[in-house]
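S.K.: Below are the structure tokens for one structure; questions will follow.
4 protein chains.
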Amino acid sequence: MRKIIIGVMGPGTGASETDWENAYTIGTLIAQEGWVLLTGGRNVGVMDAANRGAKSANGLTVGILPDAGDSGVSDAVHIAIFTDMGSARNNINVLSSDGVIACGMGAGTASEVALALKANKPIVLLTQDRESQRFFQHLSHHHIWIATSPKDAIAFLKQALTRRGKTP
Amino acid sequence: MRKIIIGVMGPGTGASETDWENAYTIGTLIAQEGWVLLTGGRNVGVMDAANRGAKSANGLTVGILPDAGDSGVSDAVHIAIFTDMGSARNNINVLSSDGVIACGMGAGTASEVALALKANKPIVLLTQDRESQRFFQHLSHHHIWIATSPKDAIAFLKQALTRRGKTP
Amino acid sequence: MRKIIIGVMGPGTGASETDWENAYTIGTLIAQEGWVLLTGGRNVGVMDAANRGAKSANGLTVGILPDAGDSGVSDAVHIAIFTDMGSARNNINVLSSDGVIACGMGAGTASEVALALKANKPIVLLTQDRESQRFFQHLSHHHIWIATSPKDAIAFLKQALTRRGKTP
Amino acid sequence: MRKIIIGVMGPGTGASETDWENAYTIGTLIAQEGWVLLTGGRNVGVMDAANRGAKSANGLTVGILPDAGDSGVSDAVHIAIFTDMGSARNNINVLSSDGVIACGMGAGTASEVALALKANKPIVLLTQDRESQRFFQHLSHHHIWIATSPKDAIAFLKQALTRRGKTP
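Protein chains in written order, with the numbering used here: chain G, 1 to 168; chain Y, 169 to 336; chain H, 337 to 504; chain V, 505 to 672.
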């Protein structure tokens, strides 16, 4: 009955065009799997792109907002959870996700990947950035997967969910 | 596109039989309106009853859990948000709801009604408890409605949402 | 080695003159006991008055702020803890206090008294408001004390701390 | 009147002997500057060592605990703030610190350094770990300083505080 939730994290205003396109495609693929998409919910960057992708494929989207109120929410979020907790909500993003995909990198995204490691979640990095890949693999070899494409990211998560007994 | 979310708050293990039945009916009615049900997500008392009611009417249910992990979640929750924040998550329950129904009363529920007042949300009290009615009406006449039945509670919220420009 | 911490809660801008005077006196008395004063830290109402009282008696003061940044902090706060969590920080106020005094009443204060009940903390209400007295005593007879003066409030807390094995 | 607060972050059970010794020395130096030490407050690793160091030099120590209750707190913490928020409290650690020293590295520490970058705080890394140094300098050149010793870390923070108009 409980739905599988996949968290997609990544830069807001600092997202590159590649990050944006990858996030859109990942949103689409998550919806096609029948999974729920979870993001930070704002109307910028990777969050917005992933929500738009999921919406285009008739997926269900949850946004965990840093603010208390209605402004700045992605139009493609169905269920908006307002935390009024700023970056402390990053831990909720991670704990509520059965798996996490980091699409691009930035300070906020780095905190989410680190918290996901601490929470023992399956994590996929979809970034060409070598320092990020090295750093997080160095922190933990077990739960990090370096993906080369959105499809690759989804395939890894499917395996990880199966290993953990969650029928994807 | 964003869905209307109604929060149903109330005692867990301390819920009376009347609280349980009211919560179940309220969950059903919320689902029939096409609204999303939001609760504290645990598998006891008012939270569990409201989720079961909404599920029986094919509604969508969101649970905002106080814990980090999978145990203790109502079977009738579709989307589980894990906060690991204990009672501090009560503020998230309230901020994320377009309207709040308190079904019964207890210390946790009282904190949620008080936080909902502070957040300027439409609130319905569905309880026969006179001290609760007097205290919260005394705190604020504007946003509190004393309901005599689940139907009455839903009717009030419909009006309140309309007044705020949210087409219910 | 750990210091005894007493939380003083009450209205901000809505505080009455009596609330302000009571809070100032309570701050003074807490400092004279060698306890640390904890408040919501803002530069208004009961929070500000209690901090000024404690400072006047050379006490140590901790403010748990709802915001992320430096503005709006009481000048009489020594240690400012910035939560950026809005009203969710009310639960931290309560959990970090060995005992809680509510000086006056409002929506935020009501949430703190309710959360203190849930956390099983000794609580003193210093308010003439009958609805508040009745409601919270109705919620729990065990942990609530209705005080008639700041001295009375401190005397009750001393007894409660002793009963719990915390040498005040 | 407000005290300068320096946060010292680092591994708990995973701390190396060098991390422990560095943290103890840093705690001592912070106390000697008249600054308040802030840590995650637990009785293990870098948190415990820094608190013991500060205590040995008659400093004042604040612990921001992840739990709700009394167990697991470092004996050398004067003021214990109980958040019951798990790793979400990492953001409070960072926001409440005028400067942050990371002593060693781990998933929790990485999240704190990333959140400190996002909050625009002066940060010192005291670790020999090259991947950490490269990754965080890559994320932001502006606010990160790589220290080679506890004394070096304190000297950098003094300059950073002065630049920001906080008389250290």
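Yeah, the Cβ is synthetic: ideal placement off N, Cα and C, and Gly gets one too.
Let me confirm a value: E521(V) is counted as buried when at least 16 other C-beta atoms fall within 10 Å, else exposed. Which label applies?
M.R.: exposed
S.K.: Rounded to whole angstroms, what is the Cα-Cα separation between V62(G) and T127(G)?
M.R.: 23 Å
S.K.: Whose C-beta lies closer than 7 Å to the C-beta of G377(H) among residues of the same chain, with five residues either side of it excluded?
M.R.: M383, G399, I400, L401, V409, S410, V413, A416
S.K.: Looking only at its chain, what residues have a beta carbon closer than 8 Å to the beta carbon of D420(H), apart from the 5 residues adjacent to it on each side?
M.R.: P402, D403, A404
S.K.: Is the beta carbon of A151(G) sitting closer than 8 Å to the one on D98(G)?
M.R.: Checking the displayed sequence, the identity of residue 151(G) turns out to be Lys instead of Ala. Cβ distance not < 8 Å, so K151(G) and D98(G) don't count as in contact.
S.K.: Excluding five sequence neighbours on each side, which residues of the same chain lie with their C-beta closer than 8 Å to the C-beta of L665(V)?
M.R.: I508, D602, G603, P626, T671, P672
S.K.: Where does T349(H) land, buried or exposed, given buried means 16+ other C-beta within 10 angstroms?
M.R.: exposed
S.K.: So, I6(G) versus I101(G), is the Cβ gap smaller than 8 Å?
M.R.: yes
S.K.: At a CB distance below 7 Å, what residues from the region 565-591 of chain V approach chain Y? Give them in sequence order.
M.R.: Within the region 565-591 of chain V, the residues whose Cβ lies closer than 7 Å to some Cβ of chain Y are A572, D588, M589, G590, listed in chain order.
S.K.: In three-state terms, what does DSSP make of I539(V)?
M.R.: Reading off the sequence shown, one finds Trp at residue 539(V), where the question assumed Ile. In this structure, W539(V) counts as coil in the three-state DSSP scheme.
S.K.: Classify D19(G) as buried or exposed, calling it buried when 16 or more other Cβ atoms lie within 10 Å of its own Cβ.
M.R.: buried
S.K.: From this set, H477(H), A483(H), V380(H), Q495(H), which residue's C-alpha is nearest A351(H)'s C-alpha?
M.R.: V380(H)
S.K.: Are the Cβ atoms of C439(H) and N358(H) separated by less than 8 Å?
M.R.: yes
S.K.: Can you tell me which residues form a DSSP beta bridge with A584(V)?
M.R.: G567(V)
S.K.: With a threshold of 8 Å between beta carbons, is R388(H) in contact with chain Y?
M.R.: no
S.K.: Less than 8 Å between CB atoms is the rule here; does A618(V) satisfy it with respect to chain G?
M.R.: The beta carbon of A618(V) falls within 8 Å of a beta carbon belonging to chain G, placing the residue at that interface.
S.K.: Select from the region 91-121 of chain G all residues with a C-beta closer than 8 Å to any C-beta belonging to chain Y, and list them in chain order.
M.R.: N91, I92, L95, S96, A119
S.K.: Could you give the residue range of the alpha helix (DSSP H) that holds G590(V)?
M.R.: It is not in any alpha helix (DSSP H) - G590(V) carries neither H nor E in the DSSP assignment.
S.K.: Answer yes or no: does any C-beta atom of chain H fall closer than 8 Å to that of K655(V)?
M.R.: no
S.K.: Could you tell me which residues DSSP pairs with A270(Y) in its beta bridges?
M.R.: M177(Y), L293(Y)
S.K.: Quick one, are the C-beta atoms of S87(G) and M105(G) less than 8 Å apart?
M.R.: no
S.K.: Do you know whose CA, among K223(Y), V176(Y), M169(Y), lies nearest V262(Y)'s CA?
M.R.: V176(Y)
S.K.: Helix, strand or coil for I648(V), going by three-state DSSP, please let me know.
M.R.: strand
S.K.: Over the uninterrupted alpha helix (DSSP H) stretch that includes V46(G), give me the two end residues.
M.R.: 45-56
S.K.: Let me know the secondary structure DSSP gives R500(H) once reduced to three states.
M.R.: coil
S.K.: Measure the C-alpha to C-alpha separation of S392(H) and T316(Y) and round it to an integer number of angstroms.
M.R.: 52 Å
S.K.: If we cut at 8 Å on Cβ distances, does S132(G) have a partner in chain V?
M.R.: yes
S.K.: Give the secondary structure of R546(V) by DSSP, where H, G and I count as helix, E and B as strand, and everything else as coil.
M.R.: strand
S.K.: Only counting the same chain, and skipping five residues up and downstream in sequence, which positions put a Cβ closer than 8 Å to that of L285(Y)?
M.R.: I291, F304, L307, S308, H311, I312
S.K.: Please confirm whether T673(V) and A558(V) have their CB atoms less than 8 Å apart.
M.R.: Past the boundaries of the shown model lies residue 673(V); chain V is included only from 505 to 672, so the question cannot be answered.
S.K.: List, in chain order, every chain V residue whose beta-carbon is nearer than 8 Å to that of H141(G).
M.R.: Simply none; closest approach about 13 Å.
S.K.: Give a yes or no on whether the C-beta atoms belonging to A114(G) and A618(V) are separated by under 8 Å.
M.R.: yes
S.K.: Quick one: Cα of I30(G) to Cα of A155(G), how far?
M.R.: 11 Å
S.K.: Could you tell me whether any Cβ in chain H is nearer than 8 Å to the Cβ of F324(Y)?
M.R.: no
S.K.: Does G178(Y) pass the burial test, meaning 16 or more other C-beta atoms within 10 Å, or should it be called exposed?
M.R.: Around the Cβ of G178(Y), a 10 Å sphere holds 16 or more other Cβ atoms; the residue is buried.
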